[in-house]
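Chemist:
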Amino acid sequence: MDPELTLPERYQRDGYLVLERLLAPSDIERMSERITAIAAGQVAGFPAANVEYEPGYGDPEPATQPVGPPSQATLVSPGGPAVRKINQCAERDEVFMQVAQDPRIVDVVAMLLGPDIKLYGSQCFMKPAGGIEKPYHQDSAYFTIEPLALVTCWIALDDVTLDNGCLWVIPGSHLGELHEHSEPWQVGDRVDMQVPEARIDRLRETPITMPAGSCSFHHSKLLHRSGPNRSLRPRRGLAIHYMSARSRWTHPSHPQPSYPQIRGQQFEGCV
């Protein structure tokens, strides 16, 4: 870390920032309890279809008996599957929308994006014990938004280590091209796509390990991956994707969704 650089300068150079313990233990406990309730189907109005399950854990069914306290829950029902991901946390739940609007987070995003900010999306990545890896990819390959300059705040809900599936990044890769995600990657019964291994400079990859309550902020073109979880506990992370309110919707056929305003103004002809 270069102490002479400001946070925006470091982000511009590397494509990511890490701010340790930005959130308090009480914040993490509140989110953990909410995640457990959502996974157990105990939050009225939260769509069951937004909860995905880890391949290899059996047929999806609602988790009914989380194992362990909320802060360490594996979110596995006896004999049933482990929760892999919960989609649209902030869009569908007031607790997580409050997190997305938290000034401790949004102040950092404003330094990187400017004062006019909208929410693009959010997910909670559960990475249960034994959870699989996610290969190298760029978020902008999945986001139909221009410019390709969204900011993701990734909140550690557990201590994130080399053993439990931390993020790995290629510093500065956001300054390069948006790569074709053309190499198949099997995820349970479906095929996802990843950046071909030949395009990845493994000698430059850097792990992001951090204690619970810490936040990493990364550019939507930054090449990143996460490893498998070889520990006995989940590695949960909440990803909140922000974009400039001046961004444009670029999908050729799908109508533009309505995106929540987080801060500042909205603009005609933009998202």
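Quick note: the sequence shown uses my numbering, first residue 1, plus one each step.
Just so you know, even glycine gets a beta-carbon here, dropped at the ideal spot from N, CA and C.
Just so we're clear, the structure is a prediction, and the values are computed from it rather than from any experiment.
#1: Judging by CA-CA distance, which residue of Leu-112, Gln-88 and Val-99 is the nearest neighbour of Ala-156?
#2: For Asp-59, I'd like the list of residues in its chain whose CB is within less than 6 Å of its CB, leaving aside the five on either flank, ordered along the chain.
#3: Run through the DSSP bridge pairs and tell me what Cys-153 is partnered with.
#4: Leaving out five residues before and five after Thr-209 in sequence, what residues of the same chain have Cβ atoms less than 6 Å from its Cβ?
#5: Closer than 6 Å by C-beta to Val-95: which residues in its own chain qualify, once you throw out the five before and the five after it? Chain order, please.
#6: First and last residue of the alpha helix (DSSP H) that includes Arg-13?
#7: Report the rounded CA-to-CA distance for Leu-7 versus Ala-37, giving the unit in angstroms.
#8: Select from Arg-84, Ala-40, Pro-147 and Gln-88 the residue whose C-alpha is nearest the C-alpha of Gly-130.
#9: Looking only at its own chain, which residues have a Cβ that is under 7 Å from the Cβ of Val-18, when we skip the five neighbours before and after it?
#10: Judging by CA-CA distance, which residue of Leu-232, Arg-230 and Ile-262 is the nearest neighbour of His-241?
#11: Can you tell me whether Arg-263 is helix, strand or coil according to DSSP?
#12: Leaving aside the five residues before and after Gly-79 along the sequence, list all residues of the same chain whose C-beta is less than 6 Å from its C-beta, in chain order.
#13: Label Arg-104 either buried or exposed according to how many other C-beta atoms from any shown protein chain fall within 10 Å of its C-beta, with 16 as the threshold for buried.
#14: Please list, in chain order, all residues of the same chain as Asp-14 whose beta carbon is under 7 Å from its beta carbon, the five residues on each side excluded.
#15: Would you verify that the beta carbon of Leu-7 is, or is not, closer than 8 Å to some beta carbon of chain D?
#16: Tell me which residues share the same chain as His-179 and place their Cβ nearer than 6 Å to its Cβ, disregarding the 5 neighbours each side in the sequence.
#17: Is it right to say Ser-77 is buried, meaning 16 or more other beta carbons lie within 10 angstroms of its own, or is it exposed?
#18: Which runs of the alpha helix (DSSP H), 4 residues or longer, sit entirely within the stretch 76 to 131?
#19: Just to check my reading of the structure: Asp-107 and Gly-264 have Cβ atoms closer than 8 Å, yes? What is that Cβ distance to the nearest angstrom?
#20: Have a look at Ala-239 and Gly-176 and give me their C-alpha separation to the nearest angstrom.
#21: Apart from the five residues on each side of it in sequence, which residues of its chain come closer than 6 Å, Cβ to Cβ, to Trp-185?
#22: Rounded to the nearest angstrom, what separates Asp-102 and Pro-47 at their Cα positions?
#23: Is Arg-225 near Trp-168, with beta carbons less than 8 Å apart?
#24: For Gln-42, which of Gly-237, Arg-230 and Asp-93 has the nearest alpha-carbon?
#25: In three-state DSSP terms, what is Arg-204?
#26: Check whether the Cβ atoms of Glu-146 and Arg-235 lie closer than 8 Å to each other.
Modeler: Looking at the coordinates:
#1: Val-99
#2: In this prediction, Asp-59 scores a pLDDT of 37, lower than 50, which makes its location untrustworthy; no coordinate-derived value is stated.
#3: Phe-217 and Ile-240
#4: Val-160, Thr-161 and Cys-166
#5: Arg-34
#6: 7 to 14
#7: 36 Å
#8: Arg-84
#9: Ile-208, Met-210, Ser-214 and Ser-216
#10: Ile-262
#11: strand
#12: Note on Gly-79: pLDDT 43, under 50, position unreliable in the model; the coordinate value appears next. Nothing listed; no residue qualifies.
#13: exposed
#14: Pro-171 and Gly-172
#15: Of the protein chains in the structure, only one exists, and it is not chain D.
#16: Val-195 and Arg-199
#17: Per-residue confidence for Ser-77 stands at a pLDDT of 41, beneath the threshold of 50, marking its modelled position as unreliable; the derived number appears in the next sentence. With 16 or more Cβ atoms within 10 Å of its Cβ, Ser-77 is classed as buried.
#18: 89 to 92, 94 to 100 and 103 to 113
#19: Not really, about 12 Å apart at Cβ, beyond 8 Å.
#20: 23 Å
#21: Pro-135, Asp-192 and Gln-194
#22: 24 Å
#23: yes
#24: Asp-93
#25: helix
#26: no
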